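Have a look at the structure below, then the notes.
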Amino acid sequence: MLNEPVPDGGYSGDYIAEIGEQAAAAGLPPEINELASFGIRWVLKAIKQDLDRLGVQHDHWFYESTLYEGLNQEVLKRLQALGRIVNEDDATWFKSDSDKNEVLIRRDGYPTYFASDIFYHVDKLQRRNFDRVVDVWGADHQGQIGRLKEALGVLGIEPSRLVVLLVQLVSVKRGQETVRMSRRSGVGISLAEMLEEVGPDALRYFFLLRSADAQMEFDVELARRQSSENPVYYAQYAHARLANVLNFGAQAGGEAALDRLNSEWELALMRVMLRWPDVVRESADALEPHRLAFFTD
Numbered sequence: 001m002l003n004e005p006v007p008d009g010g011y012s013g014d015y016i017a018e019i020g021e022q023a024a025a026a027g028l029p030p031e032i033n034e035l036a037s038f039g040i041r042w043v044l045k046a047i048k049q050d051l052d053r054l055g056v057q058h059d060h061w062f063y064e065s066t067l068y069e070g071l072n073q074e075v076l077k078r079l080q081a082l083g084r085i086v087n088e089d090d091a092t093w094f095k096s097d098s099d100k101n102e103v104l105i106r107r108d109g110y111p112t113y114f115a116s117d118i119f120y121h122v123d124k125l126q127r128r129n130f131d132r133v134v135d136v137w138g139a140d141h142q143g144q145i146g147r148l149k150e151a152l153g154v155l156g157i158e159p160s161r162l163v164v165l166l167v168q169l170v171s172v173k174r175g176q177e178t179v180r181m182s183r184r185s186g187v188g189i190s191l192a193e194m195l196e197e198v199g200p201d202a203l204r205y206f207f208l209l210r211s212a213d214a215q216m217e218f219d220v221e222l223a224r225r226q227s228s229e230n231p232v233y234y235a236q237y238a239h240a241r242l243a244n245v246l247n248f249g250a251q252a253g254g255e256a257a258l259d260r261l262n263s264e265w266e267l268a269l270m271r272v273m274l275r276w277p278d279v280v281r282e283s284a285d286a287l288e289p290h291r292l293a294f295f296t297d
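With this note's numbering, letter number 192 in the sequence shown gets 192, and the count goes up by one each step, no holes.
Below, the structure is given as structure tokens:
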């Protein structure tokens with residue numbers, strides 16, 4: 001409800017109030033299902049807009065709730081038939097080969113994240129028969145990779161078809177101060193704000209200046225600086241100079257006098273440039289796009 005305090009354990013943040021105000025302006029009834037549906041649509045639209053500005057495109061969006069339209073029961077029955085289900089303490093557990101079983105369905109009847117992960121990957125790797133699935137997880141979830149691959153293997157899915165990339169959190173620095181971050185308390189800086197401040201090109205390039213598994217401090221002031229200290233500005237400046245050279249050559253016409261490019265530094269530069277196609281291919285094969293920025297830098 002509007003003008004009501006956030007309940008204990010609830011999420012804060014200005015966007016919560018904004019969703020409430022827009023829901024009220026739309027004349028939505030106060031029923032929780034109506035408000036929840038409106039909130040989901042609002043948040044999803046904002047996420048899509050931010051990703052679009054960043055140049056990230058997804059071919060398919062779907063709701064997690066669709067996993068519970070039959071697939072969940074199908075997977076649980078298969079695990080039961082394979083002797084991998086244990087019912088204890090009013091909960092449903094996955095019987096692991098390790099010493100620790102994992103909860104699938106809580107005693108309140110709701111599935112755990114582990115169960116949702118199994119259903120999701122069965123949908124992709126068996127129902128839709130993807131050759132390979134590449135997940136991007138926070139590094140704090142590293143310990144959950146093994147249990148998921150074990151469950152997929154039990155269900156007849158080759159575990160190597162799932163590749164999990166671990167990424168570290170990004171801290172944001174303004175001047176000499178680090179911005180406090182807390183999702184639950186609504187403190188921090190959003191992707192939309194970062195895009196407004198530094199633009200998509202700088203944001204993407206700075207993210208690629210570190211490998212995904214390395215911690216990163218994003219310096220907002222440096223990203224906005226119009227000088228050679230800023231690696232984005234330096235790369236863009238070099239690109240502009242090269243583009244001018246190509247344009248000048250195209251306008252001049254005729255054959256290039258390549259025999260005049262014979263100094264040691266010119267030959268060394270050409271050797272480096274010849275490596276570019278290999279760097280692009282190697283970056284894609286290794287799932288390490290930061291190699292492109294490393295090469296440019």
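In this text, a Cβ means the ideal position worked out from N, Cα and C, and glycines have one as well. Quantities reported herein were computed from a predicted structural model and do not represent experimental measurements.
Opposing strand residues paired with Ala91 [DSSP bridges]: Mapped onto the sequence shown, residue 91 falls at position 91. Ala91 is bridged to Glu88.
Length-filtered (4 minimum) alpha helix (DSSP H) runs lying within the region 196 to 276: Counting only unbroken stretches of 4 or more residues, the alpha helix (DSSP H) elements lying wholly within the region 196 to 276 are 220 to 224, 231 to 252 and 264 to 274, in sequence order.
Would you say the region 111 to 131 touches the region 141 to 154, given that touching needs at least three Cβ pairs under 8 Å? With a cut-off of 8 Å, the region 141 to 154 and the region 111 to 131 count as touching, because enough Cβ pairs lie within range.
Same chain, Cβ closer than 6 Å to Trp276, neighbours up to 5 away in sequence not counted: Here the question's residue 276 lines up with position 276 in the sequence shown. The beta carbon of Trp276 sits closer than 6 Å to no other beta carbon from its chain once the five residues preceding and following it are set aside.
Who are the near neighbours of Leu208 in its chain, counting only those whose CB is closer than 7 Å to its CB and skipping five residues on each side? Position 208 of the sequence shown holds residue 208. These residues qualify, in order along the chain: Pro289, His290, Leu292 and Ala293.
Grab the span of the alpha helix (DSSP H) containing Lys77 for me, first residue to last. One-based indexing of the sequence shown puts residue 77 at position 77. Leu71 to Ala81 is the span of the alpha helix (DSSP H), which, as asked, contains Lys77.
Extent of the continuous alpha helix (DSSP H) run through Ile47: The residue given as residue 47 occupies position 47 in the sequence shown. Ile32 to Leu54 is the span of the alpha helix (DSSP H), which, as asked, contains Ile47.
Under 8 Å, do Arg107 and Ala91 count as touching if we go by C-beta distance? Locating residue 107 in the sequence shown gives position 107, where the first residue counts as 1. Locating residue 91 in the sequence shown gives position 91, where the first residue counts as 1. Taking C-beta atoms as the reference points, Arg107 and Ala91 count as a pair closer than 8 Å.
Report back the beta-carbon spacing between Asp97 and Leu148 to the nearest angstrom; my notes put them in contact at under 8 Å. Residue mapping note: residue 97 aligns to position 97 of the sequence shown, counting from 1. Residue mapping note: residue 148 aligns to position 148 of the sequence shown, counting from 1. Not really, about 13 Å apart at Cβ, beyond 8 Å.
Pairwise C-alpha distance: Val164 and Ser190: Residue 190 sits at position 190 when you count from the first residue of the sequence shown. Residue 164 sits at position 164 when you count from the first residue of the sequence shown. Approximately 25 Å, taken between the alpha carbons.
Would DSSP call Thr178 helix, strand or coil? To locate residue 178, count along the sequence shown from 1; it is residue 178. Residue state, collapsed to three classes: strand.
According to DSSP, which residues form a beta bridge with Ile105? As a working note, residue 105 is residue 105 in the sequence shown. Ile105 is bridged to Thr92 and Pro111.
My guess is that Trp42 and Gln22 are in contact by the Cβ rule of under 8 Å, so how many angstroms apart are they, rounded? The sequence position of residue 42 within the sequence shown is 42, counting from 1. The sequence position of residue 22 within the sequence shown is 22, counting from 1. Between the beta-carbon of Trp42 and that of Gln22 there is about 7 Å, and that keeps the pair under the 8 Å contact cut.
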